[in-house]
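In the working numbering, the protein residues as written are 62 to 381.
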């Protein structure tokens, strides 16, 4: 930890130490010459008019190049005549009062850059590794253990070493908030799903409405073209012009048909098919020799369907 030679040697040094966790709950520890080359938490003295959290963030960045966030206080540690600490004042170990925190990395893609003085190496260790290794500074190991037991263990322990009278009520209130939040989240997801479903239905309804208005125009166009094709052709130059005009109209009719197909519209088959009341509307019946009862003889107006739904029933004449 950072030495503060300016601090009155007759008074303890107030310092802050920080256990850094990454997103997979590994702990950052650095090997410090000041601590007999043991693995310790980054940290150092608190400057004048500087809060403990500010000092923790500053010391971590100065020693490791890492940025941290979400500092949480764990405990106060007093180190008096600690044999592991190598820096002394007038030949005696320093008296240090340390505020131990835990913190999260402020960005998981960071790479540690040691200052070479306070730290010469670093490791990311699991909690189990920290508790088992023999090269961990004892106070560091104890802080990691206390935080782990208090936050990740099956039995929650009070890290402040005193009874919490309001904890049961607070825990119950938190569970109620959590339950309400989960219910609200589920309702919101259901609303999103229902909204998406309805949006799709609205699009289909709008499309169907437009197509229903467009289909009669297309159908009348087909009828007009069919009638024009049965008329006697003129002679000479007029005949040639008529042919070109007919080709143009045929192309336009084809474009109309392609637009309908692109929107999933299909023409309902009529002549020669068996009458189906779900697809056809009978407007008359004729007796024709050789034709089965209910066979469609003529198409009066075309029928159309889209996505399995009948938009426009075909009006037909059937055989008696």
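Heads up, the beta-carbon is just placed ideally off N, CA and C, and yes, glycines get one too. Note that the structure is predicted; figures quoted are calculated from it, not measured.
Between which two residues does the alpha helix (DSSP H) carrying residue i extend?
| i | result |
| --- | --- |
| residue 187 | Careful: residue 187 lies outside any alpha helix (DSSP H) and carries neither H nor E. |
| residue 116 | 113-125 |
Use the C-beta contact count for residue i: other C-beta atoms within 10 angstroms, 16 or more gives buried, fewer gives exposed.
| i | result |
| --- | --- |
| residue 96 | buried |
| residue 93 | buried |
| residue 141 | exposed |
| residue 354 | exposed |
| residue 121 | buried |
| residue 222 | Any reading at residue 222 must be qualified, since the residue scores a pLDDT of 46, below 50, and its modelled position is unreliable; the value itself is stated next. Classification of residue 222: exposed, given that the 10 Å Cβ count is below 16. |
| residue 181 | exposed |
| residue 328 | buried |
| residue 100 | buried |
| residue 199 | exposed |
| residue 191 | buried |
| residue 201 | buried |
| residue 365 | buried |
| residue 124 | buried |
Under a three-way DSSP split, which group does residue i fall into?
| i | result |
| --- | --- |
| residue 373 | strand |
| residue 129 | strand |
| residue 206 | helix |
| residue 148 | coil |
| residue 194 | coil |
| residue 167 | coil |
| residue 362 | strand |
| residue 278 | helix |
| residue 322 | helix |
| residue 338 | coil |
Can you find the residues in the same chain that come closer than 6 Å, C-beta to C-beta, to residue i, ignoring five residues on each side of it along the sequence?
| i | result |
| --- | --- |
| residue 159 | 76, 78, 138 |
How far does the beta strand (DSSP E) with residue i in it extend, from its first residue to its last?
| i | result |
| --- | --- |
| residue 82 | 74-82 |
| residue 101 | 99-101 |
| residue 341 | 341-347 |
| residue 89 | 88-93 |
| residue 104 | 104-106 |
| residue 172 | No beta strand (DSSP E) contains residue 172, which DSSP labels as neither H nor E. |
Please work out which residues of its chain come closer than 7 Å, Cβ to Cβ, to residue i, disregarding the five sequence neighbours upstream and downstream, and give them in chain order.
| i | result |
| --- | --- |
| residue 143 | 154 |
| residue 167 | 128, 129, 130 |
| residue 347 | 358, 378, 380, 381 |
| residue 343 | 336, 377, 379 |
| residue 169 | 83, 84 |
For residue i, would you say it is in contact with chain D, using Cβ-to-Cβ distances shorter than 8 Å as the test?
| i | result |
| --- | --- |
| residue 266 | Among the protein chains of the structure shown there is no chain D, as only one such chain exists. |
| message | For the region 117-134 against the region 68-87, do three or more pairs of beta-carbon atoms, one drawn from each stretch, fall closer than 8 Å, so that the two count as touching? | response | Yes: the two stretches touch, three or more of their Cβ pairs being nearer than 8 Å.
| Do three or more CB pairs link the region 123-138 to the region 151-165 at distances below 8 Å? | With a cut-off of 8 Å, the region 151-165 and the region 123-138 count as touching, because enough Cβ pairs lie within range.
| said: Using a Cβ distance threshold of 8 Å, determine whether the region 314-323 contacts the region 334-351, with at least three qualifying pairs required. | reply: They do not touch, by the three-pair rule.
| query | Do the region 328-337 and the region 350-365 touch if we need at least three Cβ pairs shorter than 8 Å? | reply | The answer is yes - the region 350-365 touches the region 328-337, with three or more Cβ pairs under 8 Å.
| query | Would you call the region 243-254 and the region 276-285 touching, i.e. three or more CB-CB distances under 8 Å? | reply | Touching, no.
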